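Undergrad: Quick one: the structure is below, and I'll ask about it shortly.
Right under this line is the structure:
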């Protein structure tokens, strides 16, 4: 089945990222990382708006109570609820020269949260537990990016963009531990990098290609079986949403340079690819 990208909202995002479906509000949220802006789109009415502007938002999760958990610069973590900010973690001393990038909540409400590299060292992947405990899970990550879980919750995917790899780990839901990492997809020497991702109900991985202008679907055994092109070079992330999770929302970047990056750069798109997604897990930090 073919799917044509439908442009929904164009805020010319410099780095549009991290789309998430809010099931209680029946809206999709996304961020423009360096601008520190959050947006939301209501498919029932077609209305969309900017709902937050402040510090950098590298990624966010939706809490079980409906609030948004924002992951920012210096390792900061803050709760946001309709204009009210509450600090959960003011900073991580080792991340004062970095910021969070992609994040994802797990089935128990923990959050896997990756940081960007600095001049002195590569990035890290942390796990933030509901009680506030922070654990370093991976070190030496070039750019920690898209993550997802297999439908049986036994596997965890993690993207290292500059290494151009997606790695699959064995995942222990009881403890949140990762083990036995092996390469799921690797693309050395290409001019694009794998960015954000999501997993559908069939266990296939949808991976966005930054500087590749497309979204790619990999079967559970790591073979590419579909590619959807966009009018934007920097396709950054994707998530399923809608009442039946058959809508696929896709973010793009480069809106400040549309003449180079494409007419749709920095916009939010929707696809209807003919497959169903699954709900993302809510975070439960402090709950």
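In the working numbering, the protein residues as written are 104 to 390. Backbone N, C-alpha and C fix where the C-beta goes; we use that ideal spot for every residue, glycine too. Only a predicted model underlies this, so the values are computations on that prediction, with no experimental measurement involved.
(1) If you compare alpha carbons, which of 165, 356, 113, 119 is closest to residue 382?
(2) At what residue ranges does the stretch 228-263 contain a whole run of the beta strand (DSSP E), taking only runs of 3 or more?
(3) Let me know the secondary structure DSSP gives residue 361 once reduced to three states.
(4) Cutting at 6 Å between CB atoms, please list the residues of its own chain near residue 213, excluding the five before and the five after it.
(5) Are there 16 or more other CB atoms within 10 angstroms of the CB of residue 409, so buried, or fewer, so exposed?
(6) Do residue 196 and residue 354 come within 8 Å of each other at the CB atom, strictly closer than that value?
(7) Hey, how far is the Cα of residue 104 from the Cα of residue 149?
(8) I'd like to know if the stretch 357-369 and the stretch 317-326 are in contact, where contact means that at least 3 CB-CB pairs between them fall below 8 Å.
(9) With burial defined as no fewer than 16 other Cβ atoms inside 10 Å of the residue's Cβ, what is the status of residue 140: buried or exposed?
(10) For the beta strand (DSSP E) that contains residue 133, what are its first and last residues?
(11) Among 238, 244, 111, 225, which residue has its Cα nearest to the Cα of residue 130?
(12) With a threshold of 16 other CB atoms inside 10 Å of the CB of residue 227, please say whether the residue is buried or exposed.
(13) Can the beta-carbon of residue 247 be found less than 8 Å from the beta-carbon of residue 284?
(14) Between 293, 143, 317, 138, which lies nearest to residue 156 when the distance is taken from Cα to Cα?
(15) Which residues mark the beginning and the end of the beta strand (DSSP E) in which residue 337 is found?
(16) Under the rule that 16 or more other beta-carbon atoms within 10 Å means buried, what is residue 390, buried or exposed?
TA: So, to answer that:
(1) 165
(2) Correct list: 237-244, 247-252, 258-263.
(3) In the structure shown, residue 361 adopts helical secondary structure according to DSSP, grouped into three states.
(4) 230, 232, 279
(5) The requested residue 409 is not part of the displayed model; the chain covers only 104 to 390.
(6) no
(7) Bear in mind that a pLDDT of 48 at residue 104, under 50, signals an unreliable position, so the number given afterwards is only what the model happens to contain. Cα to Cα, the separation comes out at about 25 Å.
(8) no
(9) buried
(10) 130-135
(11) Of the candidates 238, 244, 111, 225, the one whose C-alpha sits nearest the C-alpha of residue 130 is 111.
(12) Sixteen is the threshold: when 16 or more other Cβ atoms of the shown chains lie within 10 Å of the Cβ of residue 227, as they do, the residue is buried.
(13) For residue 247 and residue 284, no; Cβs fall outside 8 Å.
(14) If you compare the alpha carbons of 293, 143, 317, 138 with that of residue 156, the shortest gap goes to 138.
(15) 337-344
(16) exposed
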